[in-house]
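Just below is one structure, and these are the notes that go with it.
Residue numbers (the numbering used here): 1 to 151.
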């Protein structure tokens, strides 16, 4: 088990090897994103159902922070309680395939797990997607998809 030091804006412990520095944190309607020094973007939602404006705000925040391609994403789906509309799912898949290299989904309930499985079965994004219970496992998995020049 390894400890990780997070320099800013808050402290967390991970069993992940290395130092994680949160370079920026952006809050918007529907959630927030954190961008770290490993080019991992964590999207945390604070709503029970994602709407189109939440997904658009997420993509807009990435573009405003010059995070446009080969993005490694952790989506914290633990607050999801109901399925999103089809238009939101199509928009999300299109943007994920354009900007992301891999997606790790954090969930801790049977409801969020069911919603994510259903989404993946219907829309089948063309990027690697995997579900995790713990963030440190998700980070270790995502690092394997990092571009060699980013290491």
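Virtual Cβ for every residue (Gly too), placed ideally from N, Cα, C.
The structure displayed is predicted, hence computed values, not measured ones.
Non-local beta-carbon contacts of residue 52 in its own chain, meaning distances under 8 Å to residues more than five positions away in sequence, involve 85, 87, 88 and 91 in chain order. With contacts defined by Cβ atoms closer than 8 Å, residue 126 and residue 101 do not form a contacting pair. For residue 32, the closest alpha carbon among the candidates 138, 112 and 75 is that of 75. Annotated as distal: residue 30 and residue 79, with beta-carbon spacing of 8 Å or more. Secondary structure of residue 77 (DSSP, three-state): coil.
If you draw a 10 Å sphere on the C-beta of residue 130, you find fewer than 16 other C-beta atoms in it, and that means exposed. Under the DSSP definition of a beta bridge, residue 25 partners with 34.
Collapsing the DSSP output to three states places residue 106 in a strand. For residue 130, there is no enclosing alpha helix (DSSP H); the enclosing beta strand (DSSP E) covers residues 129 to 132.
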